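Residue numbers (my numbering): 3 to 239.
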C-alpha cells in the first residue's frame, strides 16, 4: 500500500510548499499529494483554500491582507509574491512538477476548481504545463502520476492520464462518471471508506485510495480491506 504525503508535509504549517515537499522526501515518502488552482490571470499555482488567510498570509501591508474575503482566484500570479506560508512562497505548478521529477517522487495532483466555469480551464492549464516538458518526462507523468478532483469536469482535458474521482461518500452515480472519464481509481474520505462501498468499487476493477488517514490502526484496517493508497498528514504512520 502506497502512502502519499498529504499537501506535502501535511495540513497546516508548510502545506503545499516546496519546503513541505522536501520534508516529505526527507521523511522517506515516495509520493506526494498537492492542490492546484488557477490565479486570476490563468496561472496554475499550488494552494488549497479558495480564500486567503488560513495558511498563506500577506507579507506586504500594501496588499491589504489576510482578509478572509480575498479569494485566491481574484489574485494574479505576480500578486502571490506578497503572500507566504510560514515564510515560504506559494509555488507554481511548473516549479512543483520539476521538484517531483528531480527527486523521483510520484504525485497526485488534485485540481481544485473554484467554480464550475473555470473547471475546464484549470484542466487545460495543467495539461499545458505537462506539454512543456520533454517527451520522456511527459511519459513519466502519464505513467506514474494521478490527477484527481471533486470537480470532475476539470479532468476532461486530462483523459488518457491516470484519473481518480474524489468523493467524501460514494454516491449512487459514481460508476457512470468513472466510466465517462475512464477513471482508474476512486478517492474516498476515510468516513466513506466502509466495506460495502469498497466492494462496489473493487468489483469494477478500480483502485481505492483513502484520505486523510493519520491513525496507524485505521491504516492497517483499510489495507486489509484492499485499499491501495492512503493520504496522510503524518510523516510517520
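Where a beta carbon is used, it is the ideal one built from N, C-alpha and C, also for glycine.
Note that the structure is a prediction, hence the values are computed from the model and not measured.
Minimum C-alpha distance to residue i - residue among the options
| i | options | result |
| --- | --- | --- |
| residue 168 | 226, 185, 207, 150 | 150 |
| residue 228 | 237, 214, 198 | 198 |
| residue 97 | 195, 10, 212, 20 | 20 |
| residue 207 | 223, 217, 181, 239 | 181 |
| residue 152 | 163, 138, 179 | 179 |
| residue 155 | 172, 139, 205, 112 | 112 |
| residue 52 | 60, 45, 71, 34 | 71 |
| residue 185 | 18, 29, 163, 73 | 163 |
For residue j and residue i, the rounded distance between their alpha carbons
| i | j | result |
| --- | --- | --- |
| residue 203 | residue 177 | 8 Å |
| residue 193 | residue 133 | 37 Å |
| residue 100 | residue 146 | 14 Å |
| residue 175 | residue 187 | 15 Å |
| residue 117 | residue 219 | 37 Å |
| residue 79 | residue 36 | 18 Å |
| residue 5 | residue 43 | 34 Å |
| residue 254 | residue 7 | The question about residue 254 has no answer here: the residues shown for the chain are numbered 3 through 239. |
| residue 114 | residue 125 | 10 Å |
| residue 25 | residue 90 | 13 Å |
| residue 200 | residue 110 | 20 Å |
| residue 103 | residue 196 | 34 Å |
| residue 16 | residue 158 | 30 Å |
| residue 130 | residue 173 | 31 Å |
| residue 77 | residue 127 | 17 Å |
| residue 60 | residue 138 | 38 Å |
| residue 105 | residue 213 | 24 Å |
| residue 225 | residue 32 | 18 Å |
| residue 223 | residue 191 | 14 Å |
| residue 29 | residue 205 | 35 Å |
Beta-carbon spacing of residue i, residue j below 9 Å
| i | j | result |
| --- | --- | --- |
| residue 189 | residue 210 | yes |
| residue 62 | residue 41 | no |
| residue 143 | residue 165 | no |
| residue 94 | residue 54 | no |
| residue 238 | residue 221 | no |
| residue 57 | residue 14 | yes |
| residue 38 | residue 108 | no |
Supposed close pair residue i, residue j - CB separation, criterion 8 Å
| i | j | result |
| --- | --- | --- |
| residue 236 | residue 22 | That pair is no contact at about 13 Å. |
| residue 49 | residue 92 | 6 Å |
| residue 183 | residue 161 | 6 Å |
Cβ contact (3+ pairs, closer than 8 Å) linking the segment 83-93 and the segment 119-130: no
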